[in-house]
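Visitor: Chains as they are written, first to last, in the working numbering: chain A, 49 to 703; chain B, 230 to 705. Just so you know, even glycine gets a beta-carbon here, dropped at the ideal spot from N, CA and C.
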Amino acid sequence: MNTDLHIILLAIPLLPLFGAVLAGLFGRQIGRAGAHWITILAVAGSLLLSLYVFKLIVFDAMPAINTSIYTWAVTGGLKFEIGFLIDSLTVVMMTVVTFVSLMVHIYTIGYMHDDPGYQRFFSYIALFTFAMLMLVMSNNFLQLFFGWEAVGLVSYLLIGFWFKKESAIFANLKAFLVNRVGDFGFLLGIAAIVVSFGSLDYAEVFAVAPTAVDQTISVFPGVEWALLTFVCICLFIGAMGKSAQAPLHVWLPDSMEGPTPISALIHAATMVTAGIFMVARMSPLFELSEVALSFVLVIGAITALFMGLIGLVQNDIKRVIAYSTLSQLGYMTVALGASAYSAAIFHLMTHAFFKALLFLGAGSVIIALHHRQDMREMGGLRRVLPITFVTAWLGSLALMGVPLFSGFYSKDIIIEAVHLANRPGAGFAYWCVLLGVVVTAMYSLRLLFLTFHGEPRMEQSVREHAHEPGWVVTVPLILLAIPSVFIGYFSIEPMLFGGFFGDAIHVAAGNDVLAEIGSHFHGPLAMAVHALVTPVFWLVVLGSALAVAIWFWKPQLAVWCRQRFSPLVHVLDRKYWFDEIYQAMFARGSARLGNGLWRYGDIAVIDNLMVNGSATLVGWCAGLLRYLQSGYLYHYAFAMIVGLIMIIFTYIILA
Amino acid sequence: MTAADLMLALPEIFVLGMTCIIMLFGLWLPEERQGMISFVSIMTLVFAAIILLGWDDPDPAAVSFAFNATFVRDQMADVLKLSAFIVLAAILVYARQYLRVFKVAMLEYHVLSLFLLLGVMVLISAASMLTVYLGLELIALPSYALVALRRDDQRSTEAAMKYFVLGSLASGLLLYGLSMIYGVTGTLSLAQVANITAMGNNTVLVLGLIFVVIGIAFKLGVVPFHMWVPDVYHGAPAAVTALIGSLPKLAVFAMAIRLLSDGLGNMQMHWMSMLVVLATLSIVVGNLVAIAQSNLKRMLAYSTIGHMGFMLLGLLTGSDQGFSAAMFYAIVYAIMAAGAFGVMILLSQHGVEAEHLDDYKGLSKRSPWLALMMLMLMFSMAGVPVFAGFFAKWLVIQAVIDAGMIWLAILAVIFSVIGAFYYLRVVKLMYFDAPDKDDAISVPADFRAALTLNGSAQLLLGIFANILIGLCVASF
């Protein structure tokens with residue numbers, strides 16, 4: 049059976065790669081239609097095969113597959129391999145990634161319709177799909193790192209897709225640099241694993257990790273840290289970069305400079321969740337370090353609440369959704385910190401659907417208004433864009449966590465899990481996620497009211513031309529709206545309480561908060577009914593009521609609030625001054641440091657003394673030796689005979 | 230001589246037969262049908278390869294002897310011969326247009342190339358000193374004639390003259406050495422030489438060894454027996470340089486293995502230190518002087534000297550690991566050299582040899598495809614990781630380290646860094662300088678296919694290095 053399955057598994061990532069290569073290198077030959085057909089068919093093939101593997105693992109209860117495809121190199125007992133680990137965790141990610149990617153591919157036909165870089169765009173998103181699949185399907189740290197960097201690269205390329213736009217170049221450089229900080233931690237974590245466990249293979253590392261609980265590592269002489277805590281925190285720093293957790297979140301809002309399909313695919317649904325996935329995948333390691341889990345919990349809680357707050361004052365429609373993404377990623381991180389890994393993955397999945405939906409909805413509004421993104425110039429679009437309007441409402445209700453919608457199930461479980469967790473920081477995290485619910489409801493409704501309701505505020509000419517985009521845009525919206533509404537209801541029980549993840553996620557006996565929740569769980573309907581008597585539901589109601597009052601019922605209230613709470617608004621407007629501090633400290637500081645090193649270290653010592661010095665020396669020797677090549681035959685023969693005599697002299701006479 | 234003997238040497242016999250047929254029938258071909266010769270020659274290579282691979286061997290690792298143990302066929306021989314077919318086929322494809330433009334006789338070029346190939350095959354399979362000499366001369370004589378193929382070109386004839394005189398001198402030295410070994414051991418068979426030298430050696434034997442090593446050193450073109458290399462590479466037409474710069478290296482590698490390891494393996498302590506000196510000098514001189522060259526042919530000539538020094542690094546360790554590393558190096562080098570000269574041949578399509586580095590300025594704008602292929606070849610020669618050349622260098626350096634000669638390994642690494650300079654200079658010229666001329670480069674389809682394969686082989690042999698390395702390791 050294995051060879052057939054191997055081919056299928058290989059085909060899943062390689063199909064999009066094939067599409068990317070064709071669309072990228074032969075874009076001119078195959079044309080615009082050729083590029084989108086090839087990549088869409090490749091990704092669709094990938095989705096179908098993923099669904100087949102999903103069926104094998106989930107419904108046919110096939111045991112997890114852990115297999116090496118190719119050994120790239122073996123050195124000093126360390127194997128560098130390409131391999132797949134396919135279990136329930138992987139198949140969920142594979143299906144989500146390929147499904148959202150397919151939707152975005154189709155949507156792109158409409159969104160990028162007039163763009164000169166059409167083929168390049170398709171090539172990039174297909175390449176992204178390949179990289180993301182390699183990341184989630186990996187069975188070792190090397191391939192994980194490869195995928196990790198490859199998705200980062202594509203993200204960089206796509207944020208700067210419109211490379212003539214100054215702000216886009218700034219944003220992609222920023223994303224790249226901030227991610228380097230995270231990757232540095234990630235790489236240190238992997239290095240610590242290699243040094244301590246001598247293997248890059250997940251299974252081997254997980255098998256020996258429990259024996260290393262008491263080991264310490266000395267990174268700086270004289271300072272001893274618990275090995276596993278060090279490893280886990282380093283890995284998590286990587287996750288903080290990729291999943292944009294405070295204080296490494298600053299790149300995500302700026303990444304909105306990229307085309308909207310990318311914001312949906314990479315910066316909402318898939319790539320940014322790679323960090324969440326990675327921590328869940330590493331659950332056997334994280335479970336061994338309480339300190340690391342507390343760290344995760346607190347970082348997630350801070351991100352969940354404080355990034356949501358910024359969303360309240362943003363005016364760019366995409367930036368509001370971006371801050372909402374940050375906040376939701378915070379929720380997932382909190383779940384990881386509470387040892388509720390399955391809940392994190394569950395929220396990851398529901399979020400992927402409704403957030404991709406919201407982004408694509410925003411994109412639809414942006415196309416209709418000819419690339420205007422400021423919500424102050426929108427309003428009253430519900431009549432012009434009926435399908436976008438309805439689907440955006442559905443997505444927002446899911447995001448707010450209104451009972452029966454998918455977001456309700458995933459978010460409620462996370463809040464409940466934090467409530468039950470009893471590690472340091474859990475109390476703080478609980479209050480953060482509770483208040484986050486109010487904030488989520490407020491910014492979600494604010495976006496809907498400002499965009500779709502009230503009086504139209506755009507210019508006359510824009511309003512007259514606005515109309516619903518074609519089916520390539522609306523069909524993905526509808527297809528994404530379906531899981532956004534229903535998937536929570538149908539999958540919560542099997543996924544969280546049915547032992548779905550089996551051995552893929554490991555939770556230590558004392559930490560299993562989900563099992564505790566499971567003991568009170570009586571089906572999704574009962575959960576929705578029960579929600580009416582929990583604080584979470586009433587917080588949603590409170591947030592909604594505030595939003596209705598401020599932005600729908602009495603818009604002058606919004607003005608009054610801005611003045612009344614102006615210091616607070618100012619703090620949020622400046623985004624807690626993160627950008628300014630980084631700009632002043634890191635950007636300018638490192639520029640100054642670099643300048644100094646360049647002037648004194650590089651030019652003076654290295655260039656003039658060492659490089660040019662040795663180059664002059666080499667050149668001088670070369671010139672000298674060149675004279676020996678005189679062109680005269682007798683010189684050449686003479687050299688041979690001299691060589692002969694020298695060797696004879698050395699080996700016969702001296703010996 | 231039995232039928233089994235003939236079967237063993239069937240590829241050689243086939244190549245000889247076909248060469249004679251091509252020579253006879255080629256004479257009657259009208260001017261405009263001369264392209265047939267190229268086609269039939271390439272087909273000859275294809276069928277020779279099929280015969281070679283199709284030989285039904287009960288045990289692929291077995292060593293079979295023929296013609297009274299003067300001819301040997303083992304895995305090393307098969308792999309090297311197959312590589313020779315592939316390299317020659319590529320060169321013949323590259324050469325076709327060049328020969329037409331420069332009005333070089335199509336027939337002579339192909340017949341001489343095939344005879345040279347026959348020499349290569351014989352030398353690879355030599356099991357007796359007589360066969361070694363036969364193979365060597367069968368390579369040398371067509372080479373002299375090939376270099377002089379443009380009879381009216383002064384530089385070409387001068388190069389051929391130098392090559393002939395120095396080559397004869399080297400042949401004489403080698404023959405002198407072989408006769409001394411024969412005088413002491415009383416046998417021409419390398420296997421028996423090995424048996425007899427196992428009982429101890431004397432000064433005459435060492436003297437013989439010295440002359441043999443010098444013969445090998447001359448053919449490889451290592452310092453101080455390298456003087457002919459730049460002048461001959463430079464003087465010969467590009468299509469001929471491609472030939473003499475690649476194929477014979479494979480054969481001389483095999484000759485070194487046959488003579489030094491199979492025959493005189495017991496004298497390893499002697500030849501090892503000689504090779505250390507030769508390798509060190511070659512790596513230093515080859516890489517340094519290449520920097521000072523403004524002519525691509527001369528630069529590649531000095532680069533060859535450096536590369537052969539690297540290959541000697543593998544040989545001098547005397548271990549199976551080192552031998553297989555050197556074999557990998559020799560094969561990868563032959564493919565690289567064929568490709569690099571292929572690019573030069575293509576650029577010489579206006580009847581002027583494109584041998585100046587300035588001719589490569591802005592190549593990426595004139596033909597991005599050609600520049601990319603040259604980039605891969607140059608990267609591979611420089612030993613940039615992932616390309617095949619990197620693994621070749623890595624393997625020999627690893628063998629040297631395992632043999633305990635750390636200083637030699639460090640020297641090799643330093644000089645491969647220095648060497649990277651002149652390869653990367655070509656890349657810089659191609660990609661970052663503005664072109665002097667902007668005429669389009671027309672490429673025949675078969676040329677394009679062959680060069681694409683040749684260039685990407687550098688990448689593929691790097692990524693899937695294990696396959697070829699496995700074959701080389703299994704040869705020892």
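Only counting the same chain, and skipping five residues up and downstream in sequence, which positions put a Cβ closer than 7 Å to that of Val645 (chain B)?
Guide: First, the residue type needs correcting, since residue 645 (chain B) is Ser and not Val in the sequence shown. Within the same chain, Ser645 (chain B) has close Cβ partners Gly612, Lys622.
Visitor: Determine which residues of the stretch 657 to 669 of chain A have a Cβ less than 7 Å from any Cβ of chain B, and write them out in chain order.
Guide: The stretch 657 to 669 of chain A vs chain B, Cβ under 7 Å: Val666, Gly667, Cys669.
Visitor: Does DSSP classify Val122 (chain A) as helix, strand or coil?
Guide: Here Val122 (chain A) sits in strand by DSSP.
Visitor: Taking buried to mean at least 16 other C-beta atoms within 10 Å of its own C-beta, is Gln326 (chain B) buried or exposed?
Guide: By the 10 Å Cβ count, Gln326 (chain B) comes out buried.
Visitor: Does any CB atom of chain B fall closer than 8 Å to the CB of Ala685 (chain A)?
Guide: Yes - at least one Cβ of chain B is within 8 Å of the one on Ala685 (chain A).
Visitor: Who does Lys103 (chain A) pair with in a DSSP beta bridge?
Guide: DSSP output for Lys103 (chain A) lists no bridge partner at all.
Visitor: So does the stretch 127 to 141 of chain A actually touch the stretch 496 to 512 of chain A, counting three or more Cβ pairs closer than 8 Å?
Guide: With the cut-off at 8 Å, the stretch 127 to 141 of chain A and the stretch 496 to 512 of chain A do not touch.
Visitor: What are the partner residues of Gly585 (chain B), as DSSP defines its beta bridges?
Guide: First, the amino acid is wrong: residue 585 (chain B) is His here, not Gly. B:Asn524.
Visitor: Met528 (chain B) to Gly264 (chain B), Cα distance in whole Å?
Guide: Taking the straight line from one Cα to the other gives about 32 Å.
Visitor: For the alpha helix (DSSP H) that Val442 (chain B) lies in, which residues bound it at each end?
Guide: Taken as a continuous stretch (DSSP letters only), the alpha helix (DSSP H) holding Val442 (chain B) covers 432 to 449.
Visitor: Is Val167 (chain A) buried or exposed, if buried means 16 or more other CB atoms sit within 10 Å of its CB?
Guide: The question names Val, but residue 167 (chain A) in the sequence shown is Gln. Gln167 (chain A) comes out buried.
Visitor: Is Pro615 (chain A) buried or exposed, if buried means 16 or more other CB atoms sit within 10 Å of its CB?
Guide: Answer is exposed; the Cβ neighbour count stays below 16.
Visitor: For the candidate residues B:Asp549, B:Leu653, B:Thr426, whose alpha-carbon lies nearest to that of Tyr589 (chain B)?
Guide: Nearest C-alpha to Tyr589 (chain B): B:Leu653.
Visitor: Pop quiz: Leu367 (chain B) and Ser342 (chain B) are said to be a contact at Cβ under 8 Å. What is the actual Cβ separation, rounded to whole angstroms?
Guide: Not really, about 12 Å apart at Cβ, beyond 8 Å.
Visitor: Gly551 (chain B) and Ala480 (chain B) - do their beta-carbons sit closer together than 8 Å?
Guide: Taking 8 Å as the Cβ cut-off, Ala480 (chain B) and Gly551 (chain B) do not qualify as a contacting pair.
Visitor: Tell me whether Gly591 (chain B) sits in a helix, a strand or coil according to DSSP, three-state version.
Guide: Gly591 (chain B) falls in the coil class under three-state DSSP.
Visitor: What does Gly182 (chain A) touch in chain B if you count any residue whose Cβ is under 7 Å from its own?
Guide: Checking the sequence shown, residue 182 (chain A) turns out to be Met, not Gly. Going along chain B, no residue has its Cβ under 7 Å from Met182 (chain A), so there is no contact; the nearest lies around 16 Å.
Visitor: At a CB distance below 9 Å, what residues from the stretch 449 to 462 of chain B approach chain A? Give them in sequence order.
Guide: Taking 9 Å as the Cβ-Cβ cut-off against chain A, the residues of the stretch 449 to 462 of chain B that qualify are Val452, Pro453, Phe454, His455, Met456, Trp457, Pro459, Asp460.
Visitor: Compare the C-beta of Gln677 (chain A) against all C-beta atoms of chain B and say whether one is closer than 8 Å.
Guide: Yes, its Cβ sits closer than 8 Å to a Cβ of chain B.
Visitor: Do Leu378 (chain B) and Val330 (chain B) come within 8 Å of each other at the CB atom, strictly closer than that value?
Guide: No. Outside cutoff.
Visitor: Which residues in chain A have a C-beta closer than 7 Å to the C-beta of Thr432 (chain B)? List them in chain order.
Guide: In chain order: Ile700.
Visitor: What whole-angstrom Cβ distance do Leu604 (chain B) and Val672 (chain B) have, given they're in contact under 8 Å?
Guide: About 16 Å; that fails the 8 Å criterion.
Visitor: Suppose you measure from the CA of Gly412 (chain B) to the CA of Ser357 (chain B); what does that come to, to the nearest Å?
Guide: In a straight line, the C-alpha of Gly412 (chain B) is about 15 Å away from that of Ser357 (chain B).
Visitor: Classify Thr264 (chain A) as buried or exposed, calling it buried when 16 or more other Cβ atoms lie within 10 Å of its own Cβ.
Guide: Looking at its Cβ environment, which holds fewer than 16 other Cβ atoms inside 10 Å, Thr264 (chain A) is exposed.
Visitor: Step through the CB atoms of chain E and report whether any lies within less than 8 Å of the CB of Ile130 (chain A).
Guide: In the displayed structure, chain E is absent; the protein chains listed are A and B.
Visitor: Determine, using beta carbons only, whether Ile639 (chain B) comes closer than 8 Å to chain A.
Guide: Chain A, which has no Cβ nearer than 8 Å to the Cβ of Ile639 (chain B), makes this no.
Visitor: For the stretch 490 to 524 of chain B, list every residue whose C-beta sits within 7 Å of some C-beta in chain A, in sequence order.
Guide: Under the 7 Å Cβ criterion, the stretch 490 to 524 of chain B contributes His499, Met503, Val514, Leu517, Val518, Ile520, Ala521.
Visitor: Please list, in chain order, the chain A residues whose beta carbon lies closer than 9 Å to that of Leu395 (chain B).
Guide: Neighbours of Leu395 (chain B) on chain A, chain order: Leu681, Tyr684, Ala685, Met688.
Visitor: Are the C-beta atoms of Ile647 (chain B) and some chain A residue less than 8 Å apart?
Guide: It does; some Cβ of chain A falls within 8 Å.
Visitor: For Leu62 (chain A) and chain B, any beta-carbon pair shorter than 8 Å?
Guide: Cβ-Cβ to chain B under 8 Å: no for Leu62 (chain A).
Visitor: I'd like to know if Leu402 (chain B) contacts chain A, where contact means its C-beta is closer than 8 Å to some C-beta of that chain.
Guide: Yes, Leu402 (chain B) counts as interfacial toward chain A.
Visitor: Along chain B, which residues have their Cβ under 7 Å away from the Cβ of Arg674 (chain A)?
Guide: Per Cβ cutoff of 7 Å: Val518, Ala521.
Visitor: Exposed or buried, what is Asn559 (chain A) when buried is set at 16 or more other beta-carbons lying within 10 Å of its beta-carbon?
Guide: It counts as buried.
Visitor: How many angstroms separate the CA atom of Lys657 (chain B) from the CA atom of Leu586 (chain B)?
Guide: C-alpha separation (whole angstroms): 11 Å.
Visitor: Using 8 Å as the limit for Cβ to Cβ distance, is Ile315 (chain B) near chain A?
Guide: Judged by the 8 Å Cβ criterion, Ile315 (chain B) is not in contact with chain A.
Visitor: Could you tell me which residues DSSP pairs with Leu133 (chain A) in its beta bridges?
Guide: Partner(s): A:Asn114.
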